[in-house]
Amino acid sequence: MYECTPAHDDILELSGILDAFDEGLLIIGPDNQVACINKHLRHLLGITRDVPDGTDPDRFAHQALIPRICGESGRSEVAAFLSGRASAAELVCVMRLPDGGEGRFRCSCRAVHEGPLRGSRLVRLSPDTSGPGTVPVSEARAFRVDGPGRGMDTAKRRRIEAILRESEDRYRFLVENLNEGIALIDREGIVVFANQKMADIIGYSIAGVIGAPVYAFVDENDAGEVREHLQSLGRNMREVFEFELVRKGGGRIHTLIATTPIIDTGGTCRGFLAGVQDITPLKRMEAKLRESEEKYRSLVELSAEATLIHRDGRIIFINPAGLKLFGASRPKEVIGMAILDIVHPDTRDLIEAFAVRDLQGVETPLVELLVVRLDGTTVPIEGRGARTIFEGQPAVQVVMRDIGHRKQAEEQLQARNRHLLLLNRIIGTSASTHLPGELLETALSQTLDLLGYDGGAVYRLDSGRKEAALQCRRNMPDACLELAETVFGRSFADSIAPGLPCYLEQDRGPNAPGSRLLRELGFAALACIPLVVESDVVGALLIGTRERGFFSHDERALLEAVGREIGAGIVRGMLYRRLEAANREANLYLDILTHDIRNADNVANIYADLLIDELEGEPARHARKLKDGIRKSIEITANVATLRKIQEGRDGLARQNLYDVIRGEIAHFPDLCIRYSGQPMEVFADDLLPEIFTNLIGNAAKHGGPGVEVTVAVDDLDEETVVVTVADTGPGVSDDLKEAIFFRFEREGGRRGSQGLGLSICRMLVARYGGRIWVEDRVRGHPEQGAAFRFTLRKAGRGEGASA
């Protein structure tokens with residue numbers, strides 16, 4: 013048996029009792045040297061040899077005790093106590109055991125401040141499943157020096173008795189300072205001894221405990237168990253059990269009790285010694301731990317995400333969601349399998365590396381991979397592993413979710429995006445090109461490239477719809493139409509005439525005509541989409557695939573949409589060509605109107621002047637009316653020519669001298685009273701700017717009546733804009749016509765006609781120059797006193813240019 017090597021001889025006498033304790037005890041003497049390490053602590057620390065006399069406690073702690081403690085905080089508290097930096101410490105810690113496992117211990121560190129062992133320090137490690145029990149030192153009084161020692165001399169006897177008294181005092185001091193309740197109970201269940209800790213546990217004084225029956229400290233429902241225990245004392249068995257005691261105030265406490273029978277020299281059981289530990293906090297923690305474990309298990313069991321735990325490369329736990337993921341009906345079908353067997357071979361090296369990092373507590377990223385079900389099929393999952401403790405040992409917990417539906421949705425979304433991209437490109441092509449050949453070739457290439465089909469062709473029907481002509485093709489046999497007509501027994505034109513799409517697929521039977529045609533062409537499936545223009549079939553789009561033997565519903569809908577868009581592109585091309593023809597025809601009419609008719613009007617106007625000069629009276633009056641009609645015709649053709657210039661104008665705006673333009677137009681009306689005193693100024697406009705003044709001054713002269721006066725003014729609106737005003741003293745414009753007169757064919761009085769183009773031309777030109785035009789009363793509130801037409805123009809500063 014190991015013998016303690018104490019720093020003091022008096023502690024040596026305690027070694028036998030200390031070795032009987034089921035808890036670890038370390039005693040450090042007042043000289044700061046290890047005095048005793050009992051048997052249980054040596055077992056916990058794996059010490060197999062004697063500790064040298066006078067060992068330094070710090071050295072011993074850092075070599076044998078502290079490395080066993082898991083957790084930096086626990087190590088720090090114990091080290092602080094042993095080094096003298098802390099006077100006491102109470103903690104619960106996890107310790108690594110010699111067999112490689114781990115255990116939870118309550119560590120109590122206390123200093124002794126009185127009694128024979130004053131100055132000593134005690135470190136006590138109590139496991140959560142045991143409690144020590146010791147015989148009180150008062151029992152040592154039963155020892156007598158008889159037999160061979162009867163003849164010893166008085167001095168020696170006195171020395172032995174003094175040693176016994178000192179030993180008893182030391183034992184009693186140790187018992188009183190233990191962090192454990194000690195009680196001695198006789199066979200009748202009467203407490204004959206209790207230490208202070210025992211009294212504190214049940215809330216009584218020591219005097220209130222000694223002499224009381226043990227039944228006073230238990231619930232009446234538990235009295236029967238105590239009675240059975242007292243009756244079983246004759247078996248001389250040491251027992252350890254948990255029991256609920258009742259405190260003085262009625263509160264209940266959970267205790268761990270270790271009972272040891274006390275046997276006299278005759279072999280009779282005189283009672284038992286009970287070591288009592290208050291484990292109420294521990295039980296509370298256990299209850300919280302159980303509650304936490306139950307919540308965790310419920311969460312894992314009810315979770316929709318698959319959870320498994322593996323250790324040493326083998327699965328040791330899996331939840332119901334995991335069973336469903338792997339296609340298992342019972343846990344035993346999966347538990348025990350190698351973790352690498354459930355993942356795809358391509359990712360096994362990655363999983364093996366991640367498992368090592370997970371076990372080390374290193375965070376690993378969320379990964380997507382394929383797992384292998386029990387039936388051999390694969391499922392895409394997203395998962396991550398983390399270190400955990402399972403059944404007291406480190407393991408790796410993996411949480412996974414099936415992302416198969418998400419992957420399908422992503423693939424469908426990508427397919428839809430490709431479909432939209434294809435339609436957008438075809439729409440863009442049909443909008444940008446008006447050549448049917450270019451449209452058909454581009455649409456075919458984009459359809460094959462974006463959708464991944466293997467071959468295709470576009471055919472157009474002739475005007476008589478008797479024959480189909482190849483427009484473009486890619487990876488399609490030359491004799492495609494001939495093969496189709498041979499297999500189906502009718503022309504290709506007749507096949508697509510109804511305007512319905514046709515799909516040839518292999519799954520319709522090997523002997524079906526469509527299957528024979530597919531074999532001849534080398535395709536697994538073929539789609540024939542008619543190209544419809546204004547309810548007429550003008551051609552067909554053929555698309556073939558060699559890998560898949562069918563077209564899905566979405567693919568059919570897309571191909572039919574492509575066919576419709578190609579047909580719409582053909583319609584747009586036809587409309588564009590028709591529009592070009594109509595534009596050429598309109599230009600021809602305009603040329604006739606602005607050139608030939610104008611020349612004829614000029615000749616007629618000359619003859620009208622001659623007639624006016626030669627005739628008198630009523631014939632002369634008729635000649636002047638004729639001249640007015642000719643003048644109106646000339647005005648109309650001039651306005652049409654101006655409108656044509658506006659519509660065809662492609663030149664950008666340039667600097668125009670506004671002063672010169674106004675002066676030039678005033679000169680065209682020598683008989684009209686016009687006031688203008690402007691300064692030289694440049695604005696952004698073009699060579700049609702004089703038309704605005706021609707129309708505005710001409711309207712004033714035409715509608716103002718005899719004696720009308722016109723005023724032209726140019727004012728600054730801001731640093732970049734000027735306002736030009738052309739005001740007259742004519743009859744003015746009513747409020748309900750102030751906006752309408754600027755629009756084509758609207759004239760004062762609500763009369764409509766082709767002659768009311770002047771103000772509309774002004775509005776179009778001003779808008780072209782980046783300004784606006786409006787009309788106001790010359791005198792506010794009095795329209796009958798004349799109108800003031802105003803419009804804005806942009807100034808042309810130094811070095812500035814203008815765009816169209």
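Using this note's numbering, read the sequence shown as starting at 13 and increasing by one per residue.
Heads up, the beta-carbon is just placed ideally off N, CA and C, and yes, glycines get one too.
ask   = Going straight from the alpha carbon of ARG472 to that of VAL550, what length do you get?
value = The straight-line gap from Cα to Cα measures roughly 6 Å.
query = Per the contact definition of three or more C-beta pairs closer than 8 Å, is the region 296-305 in contact with the region 317-329?
reply = No, they do not touch.
task = Taking only the alpha-carbon atoms, compute the straight-line gap between THR146 and ALA367 and give it to the nearest angstrom.
result = Legend: pLDDT at THR146 = 34, less than 50; position of this residue unreliable, no value from coordinates given.
message = Can you find the residues in the same chain that come closer than 6 Å, C-beta to C-beta, to GLY201, ignoring five residues on each side of it along the sequence?
response = These residues qualify, in order along the chain: PRO225, VAL226, LEU242.
inquiry  = Taking the straight line between their C-alpha atoms, what separation do you get for ALA219 and LEU37?
reply    = Going by the C-alpha atoms only, they are around 29 Å apart.
ask   = Between PRO631 and the rest of its own chain, which residues show a CB-CB distance below 8 Å, the 5 nearest in sequence each way excluded?
value = Here PRO631 has LEU623 as same chain residues with Cβ atoms under 8 Å from its own Cβ, once five neighbours each way along the sequence are excluded.
query = Which residues mark the beginning and the end of the alpha helix (DSSP H) in which ARG199 is found?
reply = Looking at the DSSP string, ARG199 is not in any alpha helix (DSSP H), and its letter there is neither H nor E.
request  = Could you tell me how far apart the beta carbons of ILE351 and ILE363 are, in whole angstroms, since I believe they sit closer than 8 Å?
outcome  = Distance from ILE351 to ILE363 at the Cβ level is roughly 7 Å; contact confirmed, criterion being Cβ atoms closer than 8 Å.
key: Closest Cα partner of ALA340 within the set ALA365, THR376, SER564, LEU386   = Closest option to ALA340, Cα to Cα, is LEU386.
query = Which word fits SER99, buried or exposed, when buried means at least 16 other C-beta atoms lie within 10 angstroms of its C-beta?
reply = Burial call: exposed.
request  = Quick one: residues in its chain with C-beta nearer than 6 Å to the C-beta of ARG87, no 5 flanking neighbours on either side, listed in chain order?
outcome  = So the qualifying residues of the chain are ILE78, ILE81.
Contact set for GLU240: own chain, Cβ-Cβ below 8 Å, skip 5 residues either direction = Excluding sequence neighbours, GLU240 sits near nothing in its chain.
key: Contact the region 412-421 vs the region 539-553: 3+ CB pairs below 8 Å   = No, the region 412-421 is not in contact with the region 539-553.
ask   = Cα separation between ASN669 and ALA580?
value = Distance between the alpha carbons of ASN669 and ALA580 is about 50 Å.
query = Given LEU434, which residues of its chain have a CB within under 8 Å of its CB, disregarding the five upstream and five downstream residues?
reply = Once the five neighbours on either side are set aside, the close Cβ partners of LEU434 are GLN458, THR459, LEU462, LEU463, LEU570, VAL574.
query = What are the boundary residues of the beta strand (DSSP E) that GLY449 is part of?
reply = DSSP places GLY449 outside any beta strand (DSSP E); the residue lies instead in the alpha helix (DSSP H), whose first and last residues are 448-463.
request  = Report yes if the C-beta distance between THR733 and PHE801 is below 9 Å; otherwise report no.
outcome  = Not a contact, by the Cβ cut-off of 9 Å.
ask   = Beta carbon of LEU530, beta carbon of ILE555: below 9 Å?
value = Going by C-beta atoms, LEU530 is not nearer than 9 Å to ILE555.
inquiry  = Would GLU256 and ASP231 be called neighbours here (beta carbons separated by less than 9 Å)?
reply    = Their beta carbons are under 9 Å apart, which means GLU256 touches ASP231 by this criterion.
Given GLY215 as reference, the closest of ALA713, LEU777, LYS260 once Cα atoms are compared = When ALA713, LEU777, LYS260 are compared, the shortest CA-CA separation from GLY215 is found for LYS260.
Delimiting residues of the alpha helix (DSSP H) encompassing ILE363 = Judged by DSSP secondary structure, ILE363 falls within the alpha helix (DSSP H) whose first and last residues are 360-371.
task = Quickly, what does DSSP pair ASN669 with across the bridge? List them, please.
result = DSSP lists GLU694 as the bridge partner or partners of ASN669.
Whole-angstrom distance between GLU422 and LEU805, CA atom to CA atom = Distance between the alpha carbons of LEU805 and GLU422 is about 56 Å.
query = Who are ALA101's beta bridge partners in DSSP?
reply = In DSSP, ALA101 forms a bridge with CYS121.
message = Determine whether the beta carbon atoms of LEU777 and ILE704 lie at a separation below 9 Å.
response = Cβ distance < 9 Å, so LEU777 and ILE704 count as in contact.
query = What does MET412 pair with, by DSSP beta-bridge criteria?
reply = MET412 pairs with ALA318, GLY395.
message = Please state the DSSP three-state secondary structure of GLY163.
response = Legend: pLDDT at GLY163 = 43, less than 50; position of this residue unreliable, value from coordinates given subsequently. It is helical.
inquiry  = Just to confirm the assignment, what range does the alpha helix (DSSP H) spanning GLN243 have?
reply    = For GLN243, the enclosing alpha helix (DSSP H) has its first and last residue at 235-243.
task = Please confirm whether LEU533 and ILE578 have their CB atoms less than 9 Å apart.
result = Against a cut-off of 9 Å, the Cβ pair of ILE578 and LEU533 comes out as no contact.
ask   = Taking the Cβ atom as the reference point for each residue, do THR741 and VAL726 lie within a distance shorter than 9 Å?
value = The Cβ-Cβ distance between THR741 and VAL726 does not fall below 9 Å.
ask   = In terms of alpha-carbon separation, which member of TYR781, GLY782, PHE754, ILE785 lies closest to LEU771?
value = Nearest Cα to LEU771 within the set TYR781, GLY782, PHE754, ILE785: PHE754.
ask   = Who are the near neighbours of GLN797 in its chain, counting only those whose CB is closer than 8 Å to its CB and skipping five residues on each side?
value = So the list reads THR741, GLY744, ASP789, ARG790, VAL791, once near-sequence residues are dropped.
ask   = Roughly how many whole angstroms lie between the Cα atoms of ILE401 and VAL408?
value = Approximately 8 Å, taken between the alpha carbons.
query = What does DSSP give as the partner residues of LEU538 in its beta bridges?
reply = Note: LEU538 sits in a beta bridge opposite LEU516, GLY556.
task = Would you mind stating whether LEU337 and VAL391 have Cβ atoms separated by less than 9 Å?
result = Yes, the pair counts as a contact, with Cβ atoms nearer than the cut-off.
query = For the candidate residues VAL203, ILE604, ASN617, ARG136, whose alpha-carbon lies nearest to that of LEU186?
reply = With respect to the C-alpha of LEU186, the residue from VAL203, ILE604, ASN617, ARG136 having the closest C-alpha is ARG136.
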